[in-house]
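Protein chains: 2
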Amino acid sequence: MKRIAIDMDDVMADTTIKIIQTINNITNSTYTYEALMSNDIKLKKTFYEVYLENNSFLWQPGFFTDLPVKEGAIEVIKDLTKSYEIFVVSAATEFPNSLSEKLEWMKKHFPFITWHNIVFCGHKHMIQADYLIDDHERNLVTFTGTPLLFSAPHNLHINSYERVNSWLDVKSKLL
Amino acid sequence: MKRIAIDMDDVMADTTIKIIQTINNITNSTYTYEALMSNDIKLKKTFYEVYLENNSFLWQPGFFTDLPVKEGAIEVIKDLTKSYEIFVVSAATEFPNSLSEKLEWMKKHFPFITWHNIVFCGHKHMIQADYLIDDHERNLVTFTGTPLLFSAPHNLHINSYERVNSWLDVKSKLL
């Protein structure tokens, strides 16, 4: 059975949507996910500068508890478990509070994936799998299997990887 | 640079020593680490039965905070980092409270290993490394590199792996 490693933030969870809401609250702004997914390079640059200056909320308790689930993720991942061994691999050890929150989130939304198949790490280059679905080039570049880049505002300029824009895309590629 | 994956409980930390102390407190017993490291099979059997009936403390906050560090672990692992890429890989996602406690423990005792190189997981068979130092056969049996069995009361009967009895043993094998 082939193995798929799946990232959490911005692949299973709409983390950027909550980040945008939080940044809008903190800085009294009106950024939207749709605008950040456009080709407005200047807007993105400004947003990520503001984000880097104001992202201490990532280390606060509670941020990862109520992340929205990506559209189609539950259904497609449930289908994938019938044909693949699934590991959820989240670069989360930078955020100690997030770890138990992410376990709870998984139990709530993906109860068919147990703690046995959840991995929290920093680097991902020691993960052995056939596929890695991830939104960050830094994780895909060292991966020894087939990398799939899950589209997110911060990776739209990257052309070096096979891209998936949605869980329906993942379904048609892997099932 | 070759990669070593190192287990935490009963390899870097004297987890069984704290378990024995806790079981002794709960059941008013006088088990010792030395006795469990002997060939007294009957004593071990009784101890592990009592342990399985009384191990809910593993899920309680605080248990993993103050584990003693294995003799020689800090010095030898620090030396290993000069010649190897080190990953600490702990099967800890079964114990949600342990995750942030284990990160704190690492920061306190092994500050030279950062969150980038700490992995919390359930199964370990998707970890790619040249060596795995672990006390559990279930982790070594699926490992694709060279497994090293770190001696602990529960594994003294296993003869299928190269064994290390201490961190000095690890040092003479790997350095």
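Residue numbers (the working numbering), protein chains in the order written: chain A, 9 to 183; chain B, 9 to 183.
All C-beta atoms, glycine included, are put in the ideal place defined by N, C-alpha and C.
All of these numbers come straight from a predicted model, not from anything done at the bench.
CB contact check: residue i to chain B, cutoff 9 Å
i         : result
Thr73(A)  : no
Asn105(A) : yes
Thr154(A) : no
Alpha-carbon spacing of residue i relative to residue j, whole angstroms
i         : j         : result
Ser180(A) : Asp142(A) : 17 Å
Tyr92(B)  : Met9(B)   : 6 Å
Thr24(B)  : Phe71(B)  : 12 Å
Ala99(A)  : Thr38(B)  : 42 Å
Phe95(B)  : Ile135(A) : 11 Å
His162(A) : Ile121(B) : 29 Å
Lys78(A)  : Phe128(A) : 19 Å
Thr30(A)  : Glu170(A) : 31 Å
Leu148(B) : Pro155(B) : 6 Å
His133(B) : Tyr59(A)  : 37 Å
Phe65(B)  : Tyr41(B)  : 19 Å
Gln68(A)  : Pro104(B) : 17 Å
Thr73(B)  : Asp18(B)  : 14 Å
Ser168(B) : Ile126(A) : 28 Å
Asn32(A)  : Leu157(A) : 27 Å
Phe151(A) : Gly130(A) : 14 Å
Gly153(B) : Leu182(B) : 14 Å
Glu57(B)  : Lys115(B) : 34 Å
Thr54(A)  : Val97(B)  : 38 Å
Lys90(A)  : Arg146(A) : 29 Å
Gly80(B)  : Ile27(B)  : 20 Å
Leu111(B) : Thr35(A)  : 32 Å
Phe118(B) : Leu107(B) : 16 Å
Lys86(A)  : Arg11(A)  : 14 Å
Asn63(A)  : Val172(A) : 27 Å
Phe124(B) : Leu88(B)  : Contrary to the premise, residue 124(B) reads as His rather than Phe in this sequence. Straight-line Cα distance between these residues: approximately 17 Å.
Val84(B)  : Ile166(A) : 42 Å
Closer than 9 Å to chain A by CB, residue i
i         : result
Ser108(B) : yes
Glu112(B) : yes
Assigned exposure category for residue i - 16 Cβ within 10 Å defines buried
i         : result
Met20(B)  : buried
Trp113(A) : buried
Lys50(B)  : exposed
Glu109(B) : buried
Asp48(A)  : exposed
Asp15(B)  : buried
Lys52(B)  : buried
Thr101(B) : buried
Ser46(B)  : exposed
Leu140(B) : buried
His144(A) : buried
Leu5(A)   : Missing from the structure shown is residue 5(A); chain A here goes from 9 to 183 and no further.
Leu44(A)  : buried
Leu176(B) : exposed
Residue i: contacting residues in chain A (beta-carbon distance under 7 Å)
i         : result
Val149(B) : The premise fails here: Val149(B) is roughly 15 Å from chain A at the closest Cβ pair, so nothing lies under 7 Å.
Arg11(B)  : Met134
Per-residue contacts from residue i into chain A (C-beta, under 9 Å)
i         : result
Ile126(B) : Thr101, Phe128, Cys129 and Gly130
Neighbouring residues, chain B, relative to residue i (Cβ below 7 Å)
i         : result
Trp123(A) : Thr101, Glu102 and Gly130
Phe95(A)  : Met134
Query raised in the report: Of the residues that make up the stretch 130-142 of chain A, which ones have a beta carbon closer than 9 Å to any beta carbon in chain B?
Result: Taking 9 Å as the Cβ-Cβ cut-off against chain B, the residues of the stretch 130-142 of chain A that qualify are Gly130, His131, His133, Met134, Ile135, Gln136 and Ala137.
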